[in-house]
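In what follows, a structure is listed as structure tokens, so that the remarks can point back to it.
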Amino acid sequence: MSATDPVTGHPMSKQRLRLWLHMLKTARFVENELRERMRITYQSTLPRFDVMAMLDRTREGLLMSQLSQQLMVSNGNVTGIIDRLVQDGYVVRVSVKGDKRATLVRLTPKGIEKFAEMAAEHERWIDELMDNVQDQDIEHFIDALNHIRKDHQHD
Numbered sequence: 036m037s038a039t040d041p042v043t044g045h046p047m048s049k050q051r052l053r054l055w056l057h058m059l060k061t062a063r064f065v066e067n068e069l070r071e072r073m074r075i076t077y078q079s080t081l082p083r084f085d086v087m088a089m090l091d092r093t094r095e096g097l098l099m100s101q102l103s104q105q106l107m108v109s110n111g112n113v114t115g116i117i118d119r120l121v122q123d124g125y126v127v128r129v130s131v132k133g134d135k136r137a138t139l140v141r142l143t144p145k146g147i148e149k150f151a152e153m154a155a156e157h158e159r160w161i162d163e164l165m166d167n168v169q170d171q172d173i174e175h176f177i178d179a180l181n182h183i184r185k186d187h188q189h190d
């Protein structure tokens with residue numbers, strides 16, 4: 036027999052389902068809010084922000100294939116994003132010596148500066164959207180979410 040929540044008396048499986056639905060709804064709300072703010076404030080998209088973040092963490096640059104693998108999107112999707120970032124002067128493509136087919140991409144100084152501005156604003160938005168989460172709850176939430184991933188991760 037399934038365990039029950041001592042407070043509500045509902046089966047724990049139902050409570051976990053409720054938790055999942057609340058997590059999903061909240062994540063979608065926050066993501067949609069960030070997407071809209073990124074569009075309005077920077078005329079940009081979250082995928083572009085994610086690409087710039089990845090390149091900011093790897094200043095020496097990444098191969099296009101590494102970028103798409105780390106972001107878990109297709110090469111075609113990354114190519115379109117990179118094309119626009121190159122057009123805007125935020126990213127440069129560099130040929131790889133000894134491999135004519137490989138291209139390294141990295142942020143330009145302009146891209147580093149723009150990403151720093153965007154990242155600071157992104158952090159402020161997250162802080163604002165989550166300002167009602169109590170300090171003592173933050174570590175608890177992080178630990179609980181980490182346990183879900185660690186306990187059910189496929190190697």
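For the sequence shown, the positions run 36 to 190 when our numbering is used. Heads up, the beta-carbon is just placed ideally off N, CA and C, and yes, glycines get one too.
Below-8 Å beta-carbon distance, residue i vs any chain C residue
| i | result |
| --- | --- |
| PRO41 | Among the chains of the structure shown, chain C does not appear; only one protein chain is present. |
Closest residue to residue i among the options (Cα-Cα distance)
| i | options | result |
| --- | --- | --- |
| ALA212 | VAL129, PRO144 and THR143 | Residue 212 lies beyond the stretch modelled for the chain, which goes from 36 to 190, so this question has no answer here. |
| ARG119 | ARG184, GLN188, ASN67 and VAL86 | VAL86 |
| VAL131 | HIS57, SER100 and ASN110 | SER100 |
| ARG53 | GLY115, ASP40 and VAL65 | ASP40 |
| PHE64 | HIS175, THR43, ILE183 and ILE161 | ILE161 |
| GLU148 | ARG70, HIS175, PHE176 and VAL126 | VAL126 |
| ILE116 | THR80, GLN104, GLY133 and PHE176 | THR80 |
| ARG159 | SER48, LYS60 and THR76 | THR76 |
Nearest-angstrom Cβ-Cβ length linking residue i and residue j, presumed shorter than 8 Å
| i | j | result |
| --- | --- | --- |
| MET89 | LEU97 | 7 Å |
| THR124 | THR93 | The question names Thr, but residue 124 in the sequence shown is Gly. Not confirmed; about 19 Å, so no contact. |
| PHE176 | ASP91 | With 8 Å as the limit, PHE176 and ASP91 do not qualify as a contact, their Cβ atoms being about 26 Å apart. |
Backbone secondary structure at residue i - three-state DSSP
| i | result |
| --- | --- |
| VAL121 | helix |
| LYS132 | coil |
| MET36 | Any reading at MET36 must be qualified, since the residue scores a pLDDT of 45, below 50, and its modelled position is unreliable; the value itself is stated next. In this structure, MET36 counts as coil in the three-state DSSP scheme. |
| PRO46 | strand |
| ARG141 | strand |
| VAL127 | strand |
Within 8 Å, strictly: CB atoms of residue i and residue j
| i | j | result |
| --- | --- | --- |
| VAL240 | LEU106 | This structure does not reach residue 240, given that the chain is present from 36 up to 190, and the question cannot be answered. |
| LEU164 | GLU68 | yes |
| THR43 | GLN50 | yes |
Any non-hydrogen atom of the ligand GDP within 7 Å of residue i CB
| i | result |
| --- | --- |
| MET58 | This structure does not include the ligand GDP; it has no bound ligands of any sort. |
- request: Specify whether the region 77-86 and the region 147-161 touch according to this definition: at least 3 beta carbon pairs, one from each stretch, less than 8 Å apart.
  value: yes
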